[in-house]
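For the record, in the sequence shown the residue sitting at position 79 is 79 according to the UniProt record's numbering, with numbers rising by one throughout.
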Amino acid sequence: MKSSRPTPAALQTATEIAVHFNVDPRTIHYWAANGSIPVAFRKDKIIRFRLEDVLAANQATPVQMTRTLAPQPGEVRSVELSILALSLLLGPEFPRIPTVDLDNITLGEVDEIQRLCSLYETDLNALASFEERAHYAEGVIEGARAAV
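Structure (structure tokens):
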């Protein structure tokens, strides 16, 4: 009798999946917890995934877990500030870890983050679902990149 359980070689950790999507491993655990991606195997605290299952879930969901939120080489400070503002508003559901070094932030940048937060918050409050907020965040980041 053939087992449907995947072989250990076919399974990857959250860290390995995160590398594929250019996100933090905690994002992968969040996607698994909210049911966005299937968990293939769990032993104690170790969770493993089949990359094929995660890619299929990515294709099936309206929110694409794409690399568009991954850090881009040479991103300018204004893009980083937009990402930080979105991260502050969206919390753990935001799949991008801000790269702003808070020890080297200026008062002008703090004012800009506050301004961005108030702008984004108005828009985000009008959106009901996680999918809508994720699409909004992707659009804001792409818009910030295009404006540079």
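Note that CB positions come from ideal geometry on N, CA and C, so glycine has one too.
Just to confirm the assignment, what range does the alpha helix (DSSP H) spanning residue i have?
| i | result |
| --- | --- |
| ARG115 | 107-125 |
| THR27 | 25-33 |
| SER87 | 77-90 |
Here's the rule I'm using: 16 or more other beta-carbon atoms within 10 Å means buried, otherwise exposed. How should residue i be labelled?
| i | result |
| --- | --- |
| ILE37 | buried |
| ILE28 | buried |
| ARG50 | buried |
| VAL19 | exposed |
| VAL110 | exposed |
| ALA144 | buried |
| ILE141 | buried |
With hydrogens ignored, establish whether the beta-carbon of residue i is closer than 7 Å to any heavy atom of the ligand NAD.
| i | result |
| --- | --- |
| ILE28 | The model on display carries no ligand, and the ligand NAD is accordingly not part of it. |
Excluding five sequence neighbours on each side, which residues of the same chain lie with their C-beta closer than 8 Å to the C-beta of residue i?
| i | result |
| --- | --- |
| ALA70 | The predicted model places ALA70 with a pLDDT of 47, which falls under 50 and marks its position as unreliable, so this point remains unresolved. |
In the structure shown, what three-state DSSP assignment does residue i receive?
| i | result |
| --- | --- |
| PHE49 | strand |
| PHE94 | coil |
Ignore the nearest five residues each way along the sequence and tell me which others in residue i's own chain have a CB closer than 7 Å to its CB.
| i | result |
| --- | --- |
| CYS117 | ALA85, LEU88 and LEU89 |
| ILE113 | LEU81, LEU84 and ALA85 |
| VAL100 | GLU80, LEU81 and LEU84 |
How far does the beta strand (DSSP E) with residue i in it extend, from its first residue to its last?
| i | result |
| --- | --- |
| THR13 | 11-13 |
If I'm right that residue i touches residue j with Cβ under 8 Å, what's the distance once you round it to whole angstroms?
| i | j | result |
| --- | --- | --- |
| PRO25 | ALA14 | 4 Å |
| TYR136 | LEU127 | 6 Å |
| ILE105 | VAL54 | Not confirmed; about 35 Å, so no contact. |
Suppose the cutoff is 6 Å on Cβ atoms and the five residues either side in sequence are ignored; what does the same chain contact list for residue i look like?
| i | result |
| --- | --- |
| PHE41 | LEU11 and ARG48 |
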